[in-house]
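One structure is given here, and the rest of the page talks about it.
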């Protein structure tokens, strides 16, 4: 249960156009965000948490119903990590979660009206990149009067944003914590994204991305996309331990029903359930946009593929965390980041956590993982305290 | 180029019902097969090659057009393995390839008419298992007058059939060669099959499996299924080497087009091409049947999951081959088979080939792999010669 209690999303509408990497422009747009804890007097204790594929600004705490009562099962997606007394301790830090543009959880996205046409964006929402998101996030910080982040933190696609912060705004990031991430997608990563996208785009209910006008949702495609995703989030081992070859409603050793279309195995039941749930709440165009942002992220691209050259701009201190059984973004990918930082003489800590859960481990309560995160954020808090003690009163 | 030349498929129609593991019965059915080389006088040199998911009886040689001229690109799927002077040398062995029932390459399957109803089987074709296929294959051997096989050979799902032969007909198999296979599917293996099946079954053109009557094919589903399959056939490394992050029609380092639906990366182009090609020739109901046969195979099921107990029946000598980068059926799964055989004191050779290509390696020309296969089949040929030399003339 959340120790943070009820939290309320806020939003800012920006009138200044956001120029995107593709050359397109978001003329005006709204970003939804949440904050937890209090910004200190010298505005030095802000931690930005960047979200991954299907998450949002709602990092921690619970949402309330119209009567102000906590809604059941409304905990933020990283409530185990962020809160009072949690590894990212909101008694010490002012934590910010921002929903990225293109998402489907409140910030301007494909489900909204394009002011130029008066029609819903749908598939015509411009392609957004990790770099675009970081630029958008920076504007929220500007509005909140935060010049420099104590830390930028993210897992998976969120970790890519954290890395990109250190390259786009090196002087605005004190620490970067990049968990279960990679400096770019491998061919296999792109391949899985592409199959998921094909499943969505070829669903007749997709209508070229303008399905809203038809009153339908490409559920078949979304289900298949989510099922593929879930396979890559779990390790082979944990899938074996959790589901193995167990049959639904039968004992191990029993004969199956012998059907090509009915559910036989527990793993099938699990995947279908996850697919159904996802298709109830996630937007198909957002899925395309976010997987493309993943595909395109590649800070080394303009440096001849040399990550060490790309990371030379970074001035932050780094914590990089990977999980042994993560085959989506394997420890090897994290080690590439660490090597590039070491090549540049940067201050980097690296933890390779022996955890069974695969990529999903970054969201779960693993004692060693939580311990590493807590220790690192405690170090940041001590740094801030030491610095504030040496700051002349007049500057406060 | 095939050294075997033009080969011609044959077929046998069986009037005796085939009782299936599910309890269903195939009342009458036709099996298509090919043979290469000559059966020797004592009928001891027969090698049965079992096929995997999308292959067929056409193991080696080329097919001819109506004028008897070789058709371009019509080589059998294992032409590099089987032929005169090849590792499975048709100058020494009489090699047989049989198309399994439920397939879509000539043997009775979902595209044929159900004699009971006068209508095309479609989704009502009974579920077939590896054990059913082995029983069907045994009837072809009966008809050809082959009591005992010099060897049964297969890769992947074909390897499962080879293993099952040694359990269903222990006295009819002298050697079993099981390549890139597993004693059952893992939860992750089943998961990939299930996503592929969902993509097919939820394609509106599937029509509950009776799409033939509607004059359509569930191409969208077949494409997605094949794309998923291809990802699991290739190793992460070989995908990286072959495709990496290369963009279509652009140099490495160039900016992409920024599109969510157009092809950007080479890997996308490759997967879409493979999906398109597959949807042109493969039957959707066959895909469901064959993936289910994979899911269901589990000789240890009725032995409390203990493979050593299951393999006690086997009397053959074994060669088990795996490939280091195969993550679909990893070397660990082959070692489970080897351990079960060793537990039973069986004669087993095991080769773990250090090859980069992933599961697909079993179809490719790797010098060490080909060397192992050649050496093992040479040993079988020598055994046959030695035995025939000691066989009294009168028995010949």
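Protein chains in written order, with our numbering: chain A, 2 to 397; chain B, 2 to 397. We put the CB at the ideal spot given by N, CA and C, even for glycine.
* Through-space distance from residue 386 of chain A to residue 396 of chain A, alpha-carbon basis -> Position 395 of the first chain, counted from the first residue, corresponds to residue 396 of chain A. Position 385 of the first chain, counted from the first residue, corresponds to residue 386 of chain A. With a pLDDT of only 43 at residue 396 of chain A, under 50, the local geometry of the prediction cannot be trusted, and no value is derived from it.
* To the nearest angstrom, how far is it from the Cα of residue 233 of chain B to the Cα of residue 137 of chain A? -> As a working mapping, residue 233 of chain B is identified with position 232 in the second chain. As a working mapping, residue 137 of chain A is identified with position 136 in the first chain. For residue 233 of chain B and residue 137 of chain A, the distance between alpha carbons rounds to 37 Å.
* **Validate contact between the segment 75-94 of chain A and the segment 377-386 of chain A using beta carbons, cut 8 Å, 3 pairs** => Touching, yes, given that three or more Cβ pairs across the two stretches are closer than 8 Å.
* **DSSP-derived helix/strand/coil call for residue 187 of chain B** => Along the second chain, read from residue 1 onward, the residue named residue 187 of chain B stands at position 186. Of the three classes helix, strand and coil, the one that applies to residue 187 of chain B here is coil, per DSSP.
* For the segment 236-262 of chain A, which residues have a CB atom closer than 7 Å to at least one CB atom of chain B, in sequence order? -> 237, 240, 241, 244, 245, 246, 253, 254, 257, 259, 260, 261, 262
* **Extent of the continuous beta strand (DSSP E) run through residue 32 of chain B** => As a working note, residue 32 of chain B is residue 31 in the second chain. Looking at the DSSP string, the run of the beta strand (DSSP E) that includes residue 32 of chain B is 30-37.
* To do: In the DSSP assignment, find the beta strand (DSSP E) that holds residue 11 of chain B and state where it starts and stops.
  => Against the second chain, residue 11 of chain B aligns to sequence position 10. 11-15 is the span of the beta strand (DSSP E), which, as asked, contains residue 11 of chain B.
* According to DSSP, is residue 286 of chain B helix, strand or coil? -> Position 285 of the second chain, counted from the first residue, corresponds to residue 286 of chain B. Under the three-state reduction of DSSP, residue 286 of chain B is assigned to helix.
* Compute the distance between the beta-carbons of residue 99 of chain B and residue 32 of chain B, then report whether it is under 7 Å. => Walking along the second chain from the start, residue 99 of chain B turns up at place 98. Walking along the second chain from the start, residue 32 of chain B turns up at place 31. Closer than 7 Å, so yes.
* Look up residue 71 of chain A in the DSSP assignment and give the residues it is bridged to. => As a first step, residue 71 of chain A is located in the first chain; it is residue number 70 there, counting from the start. Answer is A:65.
* Should residue 391 of chain A be listed as close to the ligand GTP, given that the test is whether its C-beta is under 6 Å from any heavy atom? -> As far as ligands go, the structure on display features none, and thus does not contain the ligand GTP.
* Have a look at the DSSP bridge pairing and note the partners of residue 27 of chain B. => For the purposes of this step, residue 27 of chain B is identified with residue 26 of the second chain, where counting begins at 1. Answer by DSSP bridge pairing, in chain order: B:19.
* To do: Put residue 262 of chain A into one of helix, strand or coil per three-state DSSP.
  => Taking the first residue of the first chain as 1, we reach residue 262 of chain A at position 261. Reduced to three states, the DSSP call for residue 262 of chain A is coil.
* To do: Name the two residues that bound the continuous beta strand (DSSP E) containing residue 147 of chain A.
  => On the first chain, position 146 is the one that residue 147 of chain A refers to. Here residue 147 of chain A belongs to no beta strand (DSSP E), and DSSP marks it neither H nor E.
* Asked: Are residue 290 of chain B and residue 265 of chain B touching if we call contact CB-CB under 7 Å?
  -> The residue labelled residue 290 of chain B in the question sits at position 289 within the second chain. The residue labelled residue 265 of chain B in the question sits at position 264 within the second chain. Contact flag unset, no.
* Asked: Expressed to the nearest angstrom, what Euclidean distance is found between the alpha-carbon atoms of residue 229 of chain A and residue 43 of chain A?
  -> On the first chain, residue 229 of chain A is found 228 positions in, with the first residue counted as 1. On the first chain, residue 43 of chain A is found 42 positions in, with the first residue counted as 1. Cα to Cα, the separation comes out at about 46 Å.
* Asked: Nearest CA to the CA of residue 442 of chain B: which residue from B:114, B:54, B:38, B:41?
  -> Not covered by the structure: residue 442 of chain B. The range shown for chain B is 2 to 397.
* To do: Name, in chain order, the residues that DSSP records as bridge partners for residue 354 of chain A.
  => Counting from one through the first chain, the residue named residue 354 of chain A turns up at place 353. In the DSSP secondary-structure assignment, residue 354 of chain A is bridged to A:324.
* **Length-filtered (4 minimum) alpha helix (DSSP H) runs lying within the segment 172-227 of chain B** => 188-202
* First and last residue of the uninterrupted alpha helix (DSSP H) at residue 160 of chain A -> Taking the first residue of the first chain as position 1, residue 160 of chain A is located at position 159. 158-169 is the extent of the alpha helix (DSSP H) around residue 160 of chain A.
* Is any beta-carbon of chain A found at less than 7 Å from that of residue 266 of chain B? -> As a working mapping, residue 266 of chain B is identified with position 265 in the second chain. Interface residue, yes.
* Can at least three beta-carbon pairs, one atom from the segment 303-310 of chain B and one from the segment 154-168 of chain B, be found at a separation below 8 Å? -> No, they do not touch.
* **Members of the segment 194-205 of chain B that neighbour chain A once the beta carbon cut-off is set at 8 Å** => 195, 196, 198, 199, 200, 202, 203, 204, 205: these are the residues of the segment 194-205 of chain B whose beta carbon lies less than 8 Å from some beta carbon of chain A, given in chain order.
* **Within 8 Å of chain B by C-beta, residues of the segment 170-197 of chain A in sequence order** => 185, 186, 187, 188, 189, 191, 192, 193, 195, 196
* Asked: First and last residue of the beta strand (DSSP E) that includes residue 95 of chain B?
  -> By one-based count along the second chain, residue 95 of chain B stands at place 94. Under the DSSP assignment, residue 95 of chain B falls in the beta strand (DSSP E) whose first and last residues are 95-99.
* Min CB distance residue 232 of chain B to chain A below 7 Å -> Locating residue 232 of chain B in the second chain gives position 231, where the first residue counts as 1. By this cut-off, residue 232 of chain B is an interface position.
* Reducing DSSP to helix, strand and coil, say where residue 251 of chain A ends up. => Here residue 251 of chain A refers to the residue found at position 250 when the first chain is read from its first residue. Note: residue 251 of chain A maps to coil in three-state DSSP.
* To do: Please decide whether residue 217 of chain B counts as near chain A, where near means a Cβ-Cβ distance under 7 Å.
  => As a working note, residue 217 of chain B is residue 216 in the second chain. Judged by the 7 Å Cβ criterion, residue 217 of chain B is not in contact with chain A.
* Asked: CB-CB under 6 Å to residue 26 of chain A, same chain, minus the five flanking residues each way: which ones, in chain order?
  -> Working through the first chain from its first residue, we reach residue 26 of chain A at position 25. Here the set comprises 18, 20.
* **Span of the beta strand (DSSP E) around residue 49 of chain A** => Stepping through the first chain from its first residue, residue 49 of chain A is reached at position 48. First-last of the beta strand (DSSP E) with residue 49 of chain A: 47-51.
* If you draw a straight line from the alpha carbon of residue 68 of chain A to that of residue 78 of chain A, how long is it in whole angstroms? -> Mapped onto the first chain, residue 68 of chain A falls at position 67. Mapped onto the first chain, residue 78 of chain A falls at position 77. Residue 68 of chain A and residue 78 of chain A: Cα-Cα distance of roughly 23 Å.
* Anticipated Cβ contact below 8 Å, residue 201 of chain B with residue 288 of chain B, distance rounded -> Residue numbering aside, residue 201 of chain B sits at position 200 when the second chain is read from its first letter. Residue numbering aside, residue 288 of chain B sits at position 287 when the second chain is read from its first letter. Between residue 288 of chain B and residue 201 of chain B the Cβ distance is about 6 Å, and since that is below 8 Å, they are a contact.
* **Residue range of the unbroken alpha helix (DSSP H) whose run includes residue 87 of chain B** => Taking the second chain and counting its residues from 1, one reaches residue 87 of chain B at position 86. Run containing residue 87 of chain B: none; DSSP gives neither H nor E here.
* Taking the C-alpha atoms as reference points, what is the distance between residue 363 of chain A and residue 154 of chain A? -> Start at 1 with the first residue of the first chain, and residue 363 of chain A comes out as number 362. Start at 1 with the first residue of the first chain, and residue 154 of chain A comes out as number 153. The straight-line gap from Cα to Cα measures roughly 12 Å.
* Once you ignore the five residues that flank residue 174 of chain A on each side, which residues in its own chain have a CB closer than 6 Å to its CB? -> The residue labelled residue 174 of chain A in the question sits at position 173 within the first chain. Here the set comprises 150, 153, 166, 167, 317.
* To do: Enumerate in chain order the residues of its own chain whose CB-to-CB distance from residue 224 of chain B is below 6 Å, with the five nearest sequence positions on each side excluded.
  => Against the second chain, residue 224 of chain B aligns to sequence position 223. These residues qualify, in order along the chain: 276, 280.
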